[in-house]
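Numbering-wise (our numbering), the sequence shown opens with residue 0 and increments by one.
Yeah, the Cβ is synthetic: ideal placement off N, Cα and C, and Gly gets one too.
Worksheet for the structure shown next.
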Amino acid sequence: MKLMLGLGSRLVSVICVVGLVCSPCFANDAIEQKVDELLSKMSLAEKIGQTNLRGRSSRAKGPLPDSLKATVKAGNVGAFLNVMKPEERDELQRIAVQESRLGIPLLFGRDVIHGFKTIFPIPLGLAASWQPELAENGARVSAIEASEFGVNWTFAPMMDIARDPRWGRIAESFGEDPLLTSAFSVAMVKGFQTDDLSNPTAMAATAKHLVGYGAAEGGRDYNTAQIPEGELRDVYLVPFKAAADAGVASMMTSFNELNGVPATGNQFVLTDILRGEWQYDGMVVSDWDSVIEMIAHGYAADKKHAAERAANAGLDMEMTSDTYELYLAQLIEEGKVSEAQLDNLVRNILRIKFRLNLFEHPQRRKVEQSSILSAEHRQLAQQAAQQSAILLKNDGALPLKPKGKIALIGPLANAAHEQMGTWVFDGRAENNITVLDAMQQQLGKQNVQFAEGLAYSRVKTDAGFAAAIQAAKQADTIVFVGGEESILSGEAHSRADISLPGAQEALIKQLAKLDKPLILVVMAGRPITLGNIIGDVDAVLFNFHPGTMAGPAISDLLLGKVSPSGRLPVTWPITAAQAPIYYNHKNTGRPANDKDYVPIDDIPVQAWQSSLGNDSHYLDIGFRPAYPFGYGLTYSTFDYSDLKLDKNSVKMGGELQVSATITNSGKREASEVVQLYIQDVVGDVTRPVRELKDWQKISLKPGQSQTVHFTLNTDQLAFHNIKMQKVTEPGDFNLWIAPNAASGLKASFKVVE
Ligand code: BGC
């Protein structure tokens with residue numbers, strides 16, 4: 000067994016021992032000097048002022064209250080969120096810089112999650128592309144647009160691992176896999192921040208929510224998370240570590256409690272891991288009111304106690320609630336929080352302001368010509384939407400034949416607002432192109448007959464059915480565009496039943512009776528269970544809310560101008576009752592298998608009491624998901640052959656070369672996501688049945704073959720053992736090169752000392 004310590008972490012400990020003060024170990028010296036100089040001039044009240052993130056509800060209307068301006072002038076605010084207008088940001092920044100005693104500039108935060116004015120697919124959709132560069136492009140576009148409005152700090156990317164499709168915020172996640180999530184998180188951080196935060200078009204990014212929010216019990220938002228430390232480190236913390244290494248400017252704590260301690264007051268995470276182990280020197284902000292929510296959690300007696308817990312845990316900035324403002328001075332006087340601790344918090348806040356170069360350029364950049372919603376931005380959004388769509392089923396109805404009439408039915412076919420998805424504050428419906436717009440434009444109005452059937456996704460009556468059926472009767476092909484409205488996923492929007500809401504299934508069943516090709520297009524914020532209607536439709540093209548350019552993206556895919564290439568970033572359940580569900584689960588002592596599975600209807604009446612089937616499954620639906628992680632079809636087919644490993648055993652610290660040949664065996668050019676999985680067969684603690692270690696998205700012409708090469712280092716096999724040491728253990732490993740997590744070519748190798 001070998002202890003794997005990266006070179007980086009060894010260097011850190013050496014420098015820190017020598018350097019005495021740990022937090023600025025990695026920081027740029029010139030900036031550290033400026034931070035310290037400024038800090039030495041600050042009064043206690045001004046220091047506390049920096050820790051206050053003030054804001055209004057995203058629904059607030061009317062001018063900024065004078066009281067807010069006065070607090071800025073007094074130096075009592077460090078940052079704002081949800082300041083609506085750019086001119087208001089200008090005014091507040093002017094007051095901070097020109098009228099407050101020390102002229103410390105403000106941060107302006109905003110939830111720019113998957114676009115500012117040009118809306119990209121929701122993060123779960125971006126992850127379905129398996130192309131992190133598309134997310135980086137999207138984040139770049141968002142930062143360019145938002146910085147024009149004076150936003151210099153975004154509360155994104157969210158990198159919570161999500162294993163439960165009932166949880167509304169799965170929409171904001173990159174899915175269930177730590178590697179895929181890390182790649183997309185890092186890409187977005189780079190896109191928002193560029194390589195240099197002082198770039199005028201850069202926005203400081205926020206890795207959120209630290210940590211375990213996605214493990215909310217039962218998928219109920221804000222709920223308790225119980226995560227064993229090994230799993231915390233090997234799954235939930237992985238993207239945060241990747242983001243920290245990529246230089247993410249800030250992190251946000253989560254609402255949930257983690258193993259009994261609310262994340263916002265969690266010293267183990269915020270100080271021991273973040274500052275101690277990772278040497279993170281960015282800023283940590285709470286979530287909205289999450290400091291005072293520690294009272295409801297039962298972790299703080301009152302506001303003052305909450306401030307004490309949060310400050311001592313290492314929380315730098317408090318969002319919206321005011322416990323720091325009200326009680327920090329008193330807590331310092333009473334010796335319950337040290338002034339040195341407050342200095343640490345303030346240092347982290349000032350550092351990000353210097354890194355953003357706000358002292359030199361506090362005001363938003365001047366633009367000669369706005370690029371908001373430019374043709375280039377739209378084109379990138381369209382590309383991202385196209386690459387994110389997943390073909391779940393196709394009996395040959397897609398791509399659509401170029402001739403013939405189409406009946407376009409369904410509540411999302413012409414719903415410009417609903418195609419944007421959750422967490423959109425600045426995007427506007429009038430800038431979006433719907434499927435109806437795009438199909439009519441491409442095929443001619445006379446060839447696309449529209450009848451929504453249901454005015455919005457939750458409508459339960461059949462009042463609109465007759466018109467929809469009438470339109471369908473006159474067409475050669477029916478395209479039903481349904482799903483969830485934007486508001487049905489996202490924060491506080493968990494669902495227990497994750498099938499198509501309202502009367503959508505009933506209408507699809509009616510349309511199926513017409514015996515014409517019936518194509519289902521779905522736009523939603525989570526996996527939608529389709530079991531009740533999957534047999535009624537000929538094809539399913541699934542899109543996690545695709546954003547501004549949903550129409551042209553979907554229309555090109557339906558017409559075969561582009562082949563679908565999205566792959567699932569989450570395991571797709573047959574029913575929500577299977578949740579939590581994820582591919583990288585453990586094997587159990589009685590792994591489910593076809594041989595032993597006894598379906599409910601095969602059990603004899605009054606059968607003898609026994610552990611039927613003897614393994615881990617449901618009597619009524621078995622043990623498989625509807626579609627595995629990594630799954631997705633396209634308009635062609637791919638064959639996998641010739642899996643090769645350059646050796647059967649690899650020395651600890653060494654590399655394994657792995658390759659396989661992929662052949663496009665169909666008739667169209669298309670893309671394939673070639674996935675590399677491993678399984679550590681025996682571990683000091685048990686290991687998952689499969690773990691994604693790498694992937695490549697390749698495009699092949701019909702008949703073309705490509706040998707795909709991967710290099711696997713033994714460091715990539717490491718996990719936290721029972722003593723919480725990160726190790727790669729010698730022993731047997733399985734490996735797959737695969738089109739998804741449930742199939743593929745298999746080989747084995749050994750790791751030897
Ligand atoms: C959410 C955060 C968000 C914050 C500010 C909270 O309700 O959990 O993700 O950044 O609000 O809008």
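By Cβ distance below 6 Å, which residues in the same chain neighbour residue i in space, the five residues on each side in sequence not counted?
i      : result
Ser747 : Asn733
Ala415 : Ala428, Asn431, Thr433
Leu618 : Ile599
Leu178 : Leu691
Leu372 : Lys116, Thr117, Asn430
Gly217 : none
Phe805 : There is no way to answer for residue 805, as the model of the chain reaches only from 0 to 752.
His376 : Thr117, Val140
Ser488 : Gly167, Ala170, Thr421, Gly524, Arg525
Gln441 : Ser554
DSSP beta-bridge partners for residue i?
i      : result
Ala659 : Val707
Phe358 : Partner(s): none; Phe358 has no beta bridge.
Leu675 : Asp693, Ile736
Lys650 : Val751
Ile389 : Phe541
Val185 : Beta-bridge pairing links Val185 to no other residue.
Lys700 : Note: Lys700 sits in no beta bridge, so no partner.
Pro261 : Glu256
Using C-beta distances below 8 Å, list every residue in its chain close to residue i, excluding the 5 sequence neighbours before and after it, in chain order.
i      : result
Gly403 : Asn446, Ala474, Asp475, Thr476
His296 : Glu256, Pro261
Met651 : Lys1, Thr713, Thr727, Pro729, Val750, Val751, Glu752
Asp288 : Met318, Thr319, Ser320
Gly426 : Gly114, Phe115, Lys116, Thr117, Ile118, Met419, Gly546, Thr547
Using alpha carbons as the reference points, say which of the options lies closest to residue i.
i      : options                        : result
Pro551 : Ser197, Asp619, Gln381         : Gln381
Lys68  : Asn647, Glu132, Leu105         : Leu105
Leu327 : Ile620, Gln49, Ala659          : Gln49
Leu37  : Val76, Leu435, Arg100          : Arg100
Asn136 : Arg623, Lys459, Ala384         : Ala384
Ile389 : Gly565, Thr319, His304, Val561 : Gly565
Val480 : Pro500, Ser181, Asp641, Ala491 : Pro500
Ser253 : Ala242, Ala214, Ala245         : Ala214
Thr460 : Gln469, Ile497, Glu504         : Glu504
Phe154 : Ile160, Ala142, Arg165         : Ala142
Gly452 : Phe464, Lys444, Gly443         : Phe464
Ala206 : Val478, Ala737, Ala241, Gly229 : Ala241
Val185 : Gly124, Ala248, Ala224         : Ala248
Arg689 : Arg55, Leu330, Asn583          : Asn583
Ala470 : Met522, Val423, Gly409, Glu417 : Gly409
Gln362 : Arg58, His708, Ala95           : Ala95
In its own chain, which residues sit with a C-beta less than 7 Å from the C-beta of residue i, not counting the 5 before and 5 after it?
i      : result
Arg308 : Gly264, Met293, Tyr298, Ala299
Trp694 : Trp129, Val672, Val673, Gln674, Leu675
Thr636 : Ser664, Gly665
Gln340 : Ala310, Asn311
Leu4   : Low confidence applies to Leu4: its pLDDT is 31, below 50, so where it sits in the model is not reliable, and the reading given next is rough at best. Excluding residues within five positions, none has a Cβ falling inside 7 Å.
Is residue i near ligand 1, judged by its Cβ being under 7 Å from some heavy atom?
i      : result
Phe154 : yes
Glu292 : no
His492 : no
Lys207 : yes
Leu314 : no
Trp166 : no
Trp694 : no
Trp277 : no
Leu80  : yes
Asp286 : yes
Taking 7 Å as the cut-off, is the C-beta of residue i nearer than that to any heavy atom in ligand 2?
i      : result
Asp110 : Looking for ligand 2 in the displayed structure turns up nothing; the ligands present are ligand 1.
> Can you list, in chain order, the stretches of the beta strand (DSSP E) that have 3 or more residues and sit fully within the segment 489-546?
Replying inline: Secondary structure within the segment 489-546: the beta strand (DSSP E) runs of 3 or more consecutive residues, fully enclosed, are 517-523, 538-543 (chain order).
> Unbroken alpha helix (DSSP H) runs of length 4 or more, entirely within the segment 437-482: which are they?
Replying inline: You should have 464-472.
>> In chain order, what are the residue ranges of uninterrupted alpha helix (DSSP H) at least 4 long that sit wholly in the segment 33-101?
In response: Counting whole runs of 4 or more residues, the segment 33-101 contains the alpha helix (DSSP H) stretches 43-49, 65-72, 85-93.
> What are the uninterrupted segments assigned as beta strand (DSSP E) that are 3 or more residues long and contained completely in the segment 147-211, given in chain order?
Replying inline: Segments of the beta strand (DSSP E) lying fully in the segment 147-211: 205-209.
>> Quick check on the DSSP output: what are the complete alpha helix (DSSP H) runs of length 4 or more inside the segment 544-591, in order along the chain?
In response: Qualifying alpha helix (DSSP H) stretches, in chain order: 549-557.
> At which residue ranges does the segment 99-150 contain complete beta strand (DSSP E) runs of 3 or more residues, listed in the order of the chain?
Replying inline: Segments of the beta strand (DSSP E) lying fully in the segment 99-150: 106-109.
> Where in the segment 276-361 do unbroken runs of the beta strand (DSSP E), each at least 3 residues long, occur, reported from the N-terminal end onward?
Replying inline: With a minimum length of 3 residues, the continuous beta strand (DSSP E) runs that stay inside the segment 276-361 are 282-284.
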